[in-house]
Each structure stands twice: as C-alpha cells, then as structure tokens.
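See below for the structure under consideration.
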Amino acid sequence: MKIFDAHCDLLDKMNLHAELSFKQDSIYADVSFPRLNKAGVAVQCFAVFVSNRPYVSFAQLLESFDTFHSRIASHEGVRHIRTRADLADAETDGKLGAILTLEGADGLEGSLVNLRTAFAMGVRLLGLTWNYANWAADGVLEPRNGGFTLKGKKLIEECGRLGLILDVSHLSDKGFWELAEHASKPFCASHSNVRRLCPHPRNLTDEMIGVLIARKGMMGLTFVPWFIKASEPAIKDILTHLDHVAALGGKGSVGFGSDFDGVDYHIPGLEHAGNYDRLANELYRRYSAAEADGFLYGNWRRFMAENLPE
2 MKIFDAHCDL
12 LDKMNLHAEL
22 SFKQDSIYAD
32 VSFPRLNKAG
42 VAVQCFAVFV
52 SNRPYVSFAQ
62 LLESFDTFHS
72 RIASHEGVRH
82 IRTRADLADA
92 ETDGKLGAIL
102 TLEGADGLEG
112 SLVNLRTAFA
122 MGVRLLGLTW
132 NYANWAADGV
142 LEPRNGGFTL
152 KGKKLIEECG
162 RLGLILDVSH
172 LSDKGFWELA
182 EHASKPFCAS
192 HSNVRRLCPH
202 PRNLTDEMIG
212 VLIARKGMMG
222 LTFVPWFIKA
232 SEPAIKDILT
242 HLDHVAALGG
252 KGSVGFGSDF
262 DGVDYHIPGL
272 EHAGNYDRLA
282 NELYRRYSAA
292 EADGFLYGNW
302 RRFMAENLPE
C-alpha cells in the first residue's frame, strides 16, 4: 500500500517552533518522517503557509523554502520532487517523495519575478489564495466573491508557461470559474470536499467537481472535521464524500489532501499521519483493491506524472 497526500502544513509549524524535528515524532506536530514511513506515505506535499496574516512578504516565503530544503528535503530518506523523472526516481529508490507547494500567492507580492524564483526554489503547485483576497484573486470567505485581477490572470498564464500546477482550494467560486476559462492546463483542488454533503464554501459544488473530472484534474479530500460533516464526523464520512465524487464519474480524479498540521482538531482515529492505515482499511473494505490503490496513491501519481515539468 502506498499513499499520496496532497497537503500538509508542517512547514508553518516548523517555522513557529524551531525545536520541531522532521526526524522524530512530536505531540506538537501531526506529520513526521517516522509517521509517514509507518503509514506508507510515498509522496507528501509540503505547503508553504505563513500564518501571521494579513500581510505576507516574499522574505517570509524564502524562510519557508529554506526550512523545506534544510530540514525536510535534506533528510536521507527523502527525495525532493521537481520533475516527472524525480517522481519515478523516488519510487525506484523507495524514498519519500517531497513536493514543495505554496498556499496563497500573497507573498509573491504581485511579482512574476518572485513567482519564477519560487519555481526555481522547487515550488510545483500554487494555491492561488487562502480564504481572503490578495493581489491575484479573491478567496472563499471574501464577502464580495470576486474573481481574478488583471495581474492574477497574468499569473495564470505564467504558471502555464512554467509548468506550475494551479490549486483552487480556498479560491472563490467566481475565481474557480474564471480559472476554468483561462487555464491552459489541468488544475486541482488539493484539500477540499463535497459541498452538497457539507455546505461549507471551502468545499466544491458538483459542477466544479465535474469540471475537474472533465479536465483531467484532481481533487484531494481533506480531513478537516468541519469540511466533512456538521457534527461528529468519522472516517466513514470521508468515504461518503469519496463515494459522491465517484458517482459523478470521478473514480480516477479523487485522492486525499489531509491538511495535517493545518488545524488543531481531528477526526477520531485520524489524529496524525501515522494513522492513515485506518482510512486505508475502510477503503479496501468498500472498494476493489485496484480502486483503493488509485484513491490512496495512483490517481495523484498519474496527475503529477502528466503535469510536472519533464
């Protein structure tokens, strides 16, 4: 069994708490190398998210990039994935594949030079916003529900040229539809659930999910309790969201993006990354082995193999 997790916020915790080590478990972090290794996580996306908002500077992003390179990618059991070949090599070597992502374009400060610098530092997936507006677009909790600015549309174009994957989690509804109109390549929702089942603006409508499926994109179901069910969510309720996406024709377009270390509350049984097997066991009881393998790893693997730079 192998797992691909499309989103965690360990980097922010490591920036805030210098004593945290990726090499060992901690009660203060959900993600560590031992826990990922125990669970069978083969690829983990590490998001750069700066929590001291509303202002985020490019210097703060650089600090997080340095944290990733010096404290995670430098681990002897890790391979930093920048290209399709790196993904294949991580599989061959049996190392944990680590993909650097950026949650929110805020810290790029409206500069395509900064975008290209982030790409050169290894960022391969860009979440366009967090919950509120930035220079590029509006987030899901912005009251006006705006879309992209002119600079934001230029950002879309430059990401397409670079081969930088775009992520609609946290993006406003209007922004989603503008991206669908302007994006030249497949895009994803790294950590979002189904709005029909849990009516939170962070979740996606059936129409949005249909676009991701039709465009060969991906959707990572997240473990954030209030995006799953209004009260007392359980592991089985995550699978209800998966069942819904599958019923829409998305069996090949859905996986997981836990958001471990992004929230302080957890579903019982999924308190940290080392507990992934509890979700996997439920999947294998519910679906064929081939389907479960796809949800856990294969679908995200296919998406990255098709959309990472060569």
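End of the sequence shown = 311 in our numbering, gap-free, step of one. The C-beta atom is built at its ideal place from N, Cα and C for all residues, glycine as well.
(message) According to DSSP, simplified to helix, strand and coil, what is residue 249?
(response) Counting from 1 along the sequence shown, the entry for residue 249 is found at position 248. Reduced to three states, the DSSP call for residue 249 is coil.
(request) Please name the residue or residues paired with residue 27 in a DSSP beta bridge. (result) Sequence index remark: in the sequence shown, residue 27 carries index 26 (1-based). For residue 27, which the question treats as bridged, DSSP gives the partners 30.
(request) Answer with buried or exposed for residue 93, where buried requires no fewer than 16 other C-beta atoms within 10 angstroms of its C-beta. (result) Looking up residue 93 in the sequence shown gives position 92. Exposed: under 16 other Cβ atoms inside 10 Å.
(message) Quick check: residue 190 and residue 170, are their CB atoms within less than 8 angstroms of each other?
(response) Sequence index remark: in the sequence shown, residue 190 carries index 189 (1-based). Sequence index remark: in the sequence shown, residue 170 carries index 169 (1-based). In contact: residue 190 and residue 170 (Cβ atoms closer than 8 angstroms).
(message) Taking the alpha helix (DSSP H) that residue 117 belongs to, which residues open and close that run?
(response) By one-based count along the sequence shown, residue 117 stands at place 116. Element bounds for residue 117: 113-121.
(message) Is the separation between the beta-carbon of residue 79 and that of residue 65 shorter than 8 angstroms?
(response) Here residue 79 corresponds to residue number 78 of the sequence shown, with the count starting at 1. Here residue 65 corresponds to residue number 64 of the sequence shown, with the count starting at 1. For residue 79 and residue 65, no; Cβs fall outside 8 angstroms.
(message) Measuring CB atoms only, is the segment 222-230 touching the segment 251-267, in the sense that at least three cross pairs come out at less than 8 angstroms?
(response) yes
(request) Quick one: grab the DSSP three-state call for residue 5. (result) On the sequence shown, position 4 is the one that residue 5 refers to. Three-state DSSP puts residue 5 in a strand.
(request) Taking the CB atoms as reference points, tell me whether residue 49 and residue 130 lie closer together than 8 angstroms. (result) In the sequence shown, residue 49 corresponds to position 48, counting from 1. In the sequence shown, residue 130 corresponds to position 129, counting from 1. No.
(message) Along the chain, where does the alpha helix (DSSP H) containing residue 90 start, and where does it finish?
(response) The residue given as residue 90 occupies position 89 in the sequence shown. From DSSP, the alpha helix (DSSP H) with residue 90 extends over 85-94.
(message) I'd like to confirm the pairing. Which residues does DSSP put opposite residue 80 in its beta bridges?
(response) On the sequence shown, position 79 is the one that residue 80 refers to. Paired residue(s): 98.
(message) Can you tell me where the alpha helix (DSSP H) holding residue 212 begins and where it ends?
(response) For the purposes of this step, residue 212 is taken as residue 211 along the sequence shown, with counting starting at 1. 207-215 is the extent of the alpha helix (DSSP H) around residue 212.
(message) List, from N- to C-terminal side, the alpha helix (DSSP H) runs of 4 residues or more that fit wholly inside the segment 277-309.
(response) 277-287, 290-294 and 300-308
(message) Could you give the first and the last residue of the continuous beta strand (DSSP E) run that contains residue 222?
(response) Mapped onto the sequence shown, residue 222 falls at position 221. Residues 219-222.
(message) Beta-carbon within less than 8 angstroms of residue 206's beta-carbon, same chain only, minus the 5 sequence neighbours each way: which residues are those?
(response) Within the sequence shown, residue 206 is the residue found at index 205, counting from 1. Hits under 8 angstroms: 174, 196 and 197.
(request) Answer yes or no: do residue 153 and residue 134 have a C-beta to C-beta separation smaller than 8 angstroms? (result) Here residue 153 is taken as the residue at index 152 of the sequence shown, counted from 1. Here residue 134 is taken as the residue at index 133 of the sequence shown, counted from 1. No, these two residues do not count as a Cβ contact at 8 angstroms.
(message) For residue 193, count the other beta carbons within 10 Å of its own beta carbon; 16 or more makes it buried, fewer makes it exposed. Which is it?
(response) As a working mapping, residue 193 is identified with position 192 in the sequence shown. Buried, since its Cβ has 16 or more Cβ neighbours within 10 Å.
(request) Would you tell me roughly how many angstroms separate the C-alpha atoms of residue 310 and residue 239, rounded to the nearest one? (result) In the sequence shown, counting from the first residue as 1, residue 310 sits at position 309. In the sequence shown, counting from the first residue as 1, residue 239 sits at position 238. In a straight line, the C-alpha of residue 310 is about 32 angstroms away from that of residue 239.
(request) Please classify residue 25: is it buried, with 16 or more other beta-carbons within 10 angstroms of its beta-carbon, or exposed? (result) What you label residue 25 is simply residue 24 of the sequence shown in a count that begins at 1. Looking at its Cβ environment, which holds fewer than 16 other Cβ atoms inside 10 Å, residue 25 is exposed.
(request) Count the other CB atoms, across all protein chains shown, that sit within 10 Å of the CB of residue 300; report buried if there are 16 or more and exposed otherwise. (result) Along the sequence shown, one-based indexing puts residue 300 at 299. Buried.
(request) Closer than 6 angstroms by C-beta to residue 120: which residues in its own chain qualify, once you throw out the five before and the five after it? Chain order, please. (result) Within the sequence shown, residue 120 is the residue found at index 119, counting from 1. Excluding sequence neighbours, residue 120 sits near 163 and 165.
(message) If you follow the alpha helix (DSSP H) that residue 197 is in, where does it begin and where does it stop?
(response) Residue numbering aside, residue 197 sits at position 196 when the sequence shown is read from its first letter. Note, residue 197: premise wrong, no alpha helix (DSSP H); not H, not E.
(request) Kindly identify the DSSP beta-bridge partner or partners of residue 45. (result) What you label residue 45 is simply residue 44 of the sequence shown in a count that begins at 1. Paired residue(s): 6 and 99.
(request) Locate the beta strand (DSSP E) running through residue 126, then write down its first and last residues. (result) As a first step, residue 126 must be located in the sequence shown, where it is residue number 125. Looking at the DSSP string, the run of the beta strand (DSSP E) that includes residue 126 is 124-128.
(message) Tell me the rounded alpha-carbon separation between residue 280 and residue 151.
(response) For the purposes of this step, residue 280 is identified with residue 279 of the sequence shown, where counting begins at 1. For the purposes of this step, residue 151 is identified with residue 150 of the sequence shown, where counting begins at 1. Those two C-alpha atoms are separated by around 42 angstroms.
(request) Could you tell me the distance, in whole angstroms, from the CA atom of residue 199 to the CA atom of residue 218? (result) Reading the sequence shown from its first residue, position 198 is the one you call residue 199. Reading the sequence shown from its first residue, position 217 is the one you call residue 218. Answer to the nearest angstrom: the Cα atoms are 22 angstroms apart.
(message) Under 8 angstroms, with one C-beta from each stretch per pair, do the segment 236-254 and the segment 6-25 reach the 3-pair mark?
(response) no
(message) Among the candidates 81, 59 and 88, whose CA atom is the shortest distance from the CA of residue 115?
(response) Against the sequence shown, residue 115 aligns to sequence position 114. Among 81, 59 and 88, the Cα nearest to that of residue 115 is on 59.
(request) Express the C-alpha separation of residue 20 and residue 212 in angstroms, rounding to a whole number. (result) If you number the sequence shown from 1, residue 212 lands on position 211. If you number the sequence shown from 1, residue 20 lands on position 19. Between residue 212 and residue 20, the C-alpha separation is close to 43 angstroms.
(message) Considering only their Cβ atoms, is the gap separating residue 31 from residue 274 smaller than 8 angstroms?
(response) Within the sequence shown, numbered from 1, the residue matching residue 274 stands at position 273. Within the sequence shown, numbered from 1, the residue matching residue 31 stands at position 30. Result yes, Cβ atoms of residue 274 and residue 31 sit closer than 8 angstroms.
(message) Would residue 167 and residue 188 be called neighbours here (beta carbons separated by less than 8 angstroms)?
(response) What you label residue 167 is simply residue 166 of the sequence shown in a count that begins at 1. What you label residue 188 is simply residue 187 of the sequence shown in a count that begins at 1. Contact flag set, yes.
(request) Just grab the DSSP bridge partners of residue 57 for me. (result) One-based indexing of the sequence shown puts residue 57 at position 56. Its beta-bridge partners do not exist; DSSP assigns none.
(request) Whole angstroms is fine: what's the gap from residue 182's alpha carbon to residue 96's? (result) The count along the sequence shown starts at 1 and reaches residue 182 at position 181. The count along the sequence shown starts at 1 and reaches residue 96 at position 95. Straight-line Cα distance between these residues: approximately 38 angstroms.
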